[in-house]
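S.K.: Protein sequence lines, in the order shown, are assigned to chains R and C.
Position 21 of the first sequence, counted from 1, bears residue number 11 in the numbering used here, the numbering being contiguous throughout.
Just add 938 to the spot in the second sequence (first one is 1) and you have the numbering used here.
All C-beta atoms, glycine included, are put in the ideal place defined by N, C-alpha and C.
Since the structure is predicted, the reported quantities are computational estimates derived from the model, not experimental observations.
Okay, here's the structure, questions in a sec.
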Amino acid sequence: MLIDCDIHLGYETLADLLPYLDAPTRELVVSSGTNGLAMPTYPWNHPTGWDRQDVYERGDVPSTDFVFISLDTLRERHLDAYGVDLGIVEPDEAAVFSVLPNAQLAGRLCSAYNDWLLERFLQEERRLRGMIVVPAQYPEAAAREIRRVGGHDEFIGVFLPGGARVPYGNPIYDPIWEAANELGLPVAVHTHYESVGIAGPVTAAGMPDHYVEYHTLCGSGMYGHFVSILCHGIFERFPDTRVAMVEGGLVPFVGLLWRLDTNWKACRSEIPWCRRRPSEYVWDHVRFGSQPFESPDDPQQLFAAIEFLRPWDTLLYASDFPHWDFDEPEQTLRQLPSEWRDNVRWRNAQAFFRLPAPAVV
Amino acid sequence: MSSGGREARLPLDEAPAEGSVRMLDVGGHRVGLYRVDDTLYALADRCPHRGAPLCSGRVATPVEARDGLIAVGKPRSIVRCPWHKWEYEISTGRCLVDERLRVRTYAVALDGEEVVVSLDRPA
């Protein structure tokens, strides 16, 4: 049994969403700009390509940042190739809707994307489940979208990108946590689109010059959300909330938690709703995607460094297919101490996403 | 192309041009045949980093810093892994970003008008 918590799929062009959009938005998508509505994107480019080169399907548009992957290619190159029993689909370009300045437009694009994903992939391939893309900058609309599609069995969570205007623990986001909590859906905070659109720069140091710098730092948005969620008492106010931190690495969370636990002791009066040490909420409510699995020359150094995260309970296997830093499942899992392996391979994800128990394991 | 035992043969005029690869089956092993500077080289189709099918990666020209300036190295002399984009020198199999890693290389010889790739180590 293998559950992959991070597979990326996207449309070939925004025009693919036209059949799922209302008439005024269709008009905007077709008529805006020079060649239709353009999405903001990273100011950096990966020097040799964003995606695994052996899965390119560029289609008719040569300049897209993220490549189009057909369902057949996904099956052949990933689901069948690695025996993935369940793959959880995260967005590619659609993640940018959350950092568009025009929040109303973002909401309409999110709805169209979710309908497109449901019809084109999730209902066509029983091994796939989806994360609901929402306009995070417009929490009331995001909550409406969660309630609109969250009842479908094919959607098993809510996606929030690392790039944002305000960290996700802030009370302005309460409608999102309330809706997710009400439907029993976990929320994945996934690094994406930091420094893009209305999102702040990837770090307070200012904008890095190179893609390699950005990709090393891109978890910073997630770390801000992680600490914000803990300090705003989200898990006290919405006790059924589960959060996955996806593609932010593992080691940084150890240092953050040690520092936050220490600071909480001195500053508890500022956040009295946090009744427990912050790390204690993590064991009950937070899980971590395995990719990018940090790779020191001596793997034992990594296992010692992340032991505090209780990875046997909190780690979820994630491939990041088809991106360039994809972690192949068997090689990733083989590195783990044997007593962690089954939990990381599927048991932790099954419990976190509340999936039915597999008939055969 | 013919293949049997520990070697594969193909007509010299079917050998790849610089910048491309010709895939061969050599005794059950997938091998990529390349040409750099008019010399043929054979590499295993397996990246020693994470086992990716290396030979489906792009043949590229290395970008280097020389005397403080950005410069290009020998044209079309490296293959870039399709997964994680690590770079390998085609002529030696040497990994350019991790000196501990090397792609398996195979012997390439000419026998009249035929190219012979064998499972032997290069001379």
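1) Does any residue of chain C bring its CB to less than 9 Å from the CB of Trp375(R)?
2) Taking only runs that begin and end inside the region 84 to 133 of chain R, name each unbroken alpha helix (DSSP H) of 4 or more residues, in chain order.
3) Closer than 9 Å by beta-carbon distance: list the chain R residues that pair up with Ser994(C), in chain order.
4) When DSSP labels each residue in this structure, what does His275(R) get in the three-state scheme?
5) For Thr54(R), does the three-state DSSP call read helix, strand or coil?
6) Please report how far the alpha carbon of Thr358(R) lies from the alpha carbon of Leu90(R), in whole angstroms.
7) Just by C-beta distance, which residues in the region 999 to 1023 of chain C are closer than 7 Å to chain R?
8) Between the C-alpha atoms of Gly353(R) and Ile162(R), what's the straight-line distance to the nearest angstrom?
9) With a threshold of 6 Å on Cβ separation, who are the neighbours of Asp1058(C) within its own chain once the five nearest residues in sequence on each side are excluded?
10) Tell me the DSSP secondary structure of Thr3(R) in three-state form.
11) Hey, could you find the ends of the beta strand (DSSP E) Met197(R) is sitting in?
12) Are the CB atoms of Leu992(C) and Ala980(C) nearer to each other than 9 Å?
13) Within 9 Å (strictly less), CB to CB, does Val51(R) reach chain C?
14) Evaluate the contact criterion for the region 20 to 27 of chain R versus the region 118 to 138 of chain R: three or more CB pairs, one atom per stretch, below 8 Å.
15) List the residues of chain C that Glu318(R) touches, going by C-beta distances under 9 Å, in chain order.
16) Starting from the C-beta of His182(R), find all residues in its chain whose C-beta is less than 7 Å away, skip the five residues before and the five after it, and write them out in chain order.
17) For Phe298(R), collect the residues of the same chain with a Cβ closer than 6 Å to its Cβ; drop the 5 residues on either side in sequence, then sort them by chain order.
18) At which residues does the alpha helix (DSSP H) containing Asp251(R) begin and terminate?
19) Could you give the DSSP three-state label for Phe343(R): helix, strand or coil?
20) With a 10 Å radius around its C-beta and 16 neighbouring C-beta atoms as the bar for buried, classify Leu250(R) as buried or exposed.
21) By the three-class DSSP mapping on this structure, what secondary structure does Gly989(C) have?
22) Do you know how far the Cα of Gly965(C) is from the Cα of Trp34(R)?
23) If you run the structure through DSSP and keep just helix, strand and coil, what is Glu305(R)?
24) Considering only DSSP beta bridges, list what Leu948(C) is partnered with.
25) What residues in the region 189 to 212 of chain R have a beta carbon less than 7 Å from any beta carbon of chain C?
26) Taking contact to mean at least 3 C-beta pairs separated by less than 8 Å, is the region 321 to 336 of chain R in contact with the region 295 to 311 of chain R?
27) Beta-carbon separation of Ser1029(C) and Val974(C) under 9 Å?
M.R.: In brief:
1) Shown here, chain R extends from -9 to 351; a query on residue 375(R) therefore has no answer.
2) You should have 93 to 107.
3) What Ser994(C) touches in chain R: Gln43, Asp44.
4) When DSSP states are grouped into helix, strand and coil, His275(R) belongs to the helix group.
5) Interpretation of Thr54(R) is limited by its pLDDT of 47, a score under 50 that renders its predicted location unreliable; no figure is taken from the coordinates.
6) Residue 358(R) falls outside the range modelled here, since chain R spans only -9 to 351, and no answer is possible.
7) Flagged, chain order: Arg1018, Pro1020, Trp1021, His1022, Lys1023.
8) With chain R running from -9 to 351 in the structure shown, residue 353(R) is simply not present.
9) Contacts found: Ala1045.
10) In the three-state reduction of the DSSP assignment, Thr3(R) falls in the coil class.
11) Counting along the chain, Met197(R) falls outside any beta strand (DSSP E), and DSSP gives it neither H nor E.
12) Result no, Cβ atoms of Leu992(C) and Ala980(C) do not sit closer than 9 Å.
13) Any reading at Val51(R) needs caution, since the residue's pLDDT is 45, under 50, leaving its predicted position unreliable; the model's value is listed next. Residue-level contact by beta carbon fails for Val51(R) and chain C, as no gap is shorter than 9 Å.
14) No, because fewer than three Cβ pairs between the region 20 to 27 of chain R and the region 118 to 138 of chain R fall closer than 8 Å, the two stretches do not touch.
15) In chain order: Arg988, Gly989, Ala990, Trp1021.
16) Short of 7 Å from the beta carbon of His182(R), and not among the five residues preceding or following it, lie these beta carbons of its own chain, in chain order: Ala85, Pro151, Gly152, Gly153.
17) Cβ neighbours of Phe298(R) within its own chain (closer than 6 Å, five residues either side excluded): Val244.
18) Counting along the chain, the alpha helix (DSSP H) containing Asp251(R) begins and ends at 241 to 257.
19) Here Phe343(R) sits in coil by DSSP.
20) A residue is called buried when at least 16 other Cβ atoms come within 10 angstroms of its Cβ; Leu250(R) meets this threshold and is buried.
21) Three-state result, Gly989(C): coil.
22) Straight through space, the alpha carbons of Gly965(C) and Trp34(R) are spaced by roughly 44 Å.
23) The amino acid at residue 305(R) is misidentified as Glu; the sequence shows Leu. In the structure shown, Leu305(R) sits in a strand (DSSP, three-state: E or B).
24) Partner(s): Val1053(C).
25) So the list is empty, because no residue satisfies the distance condition.
26) Cβ pair count under 8 Å is three or more, so yes.
27) Yes, they are a contact pair.
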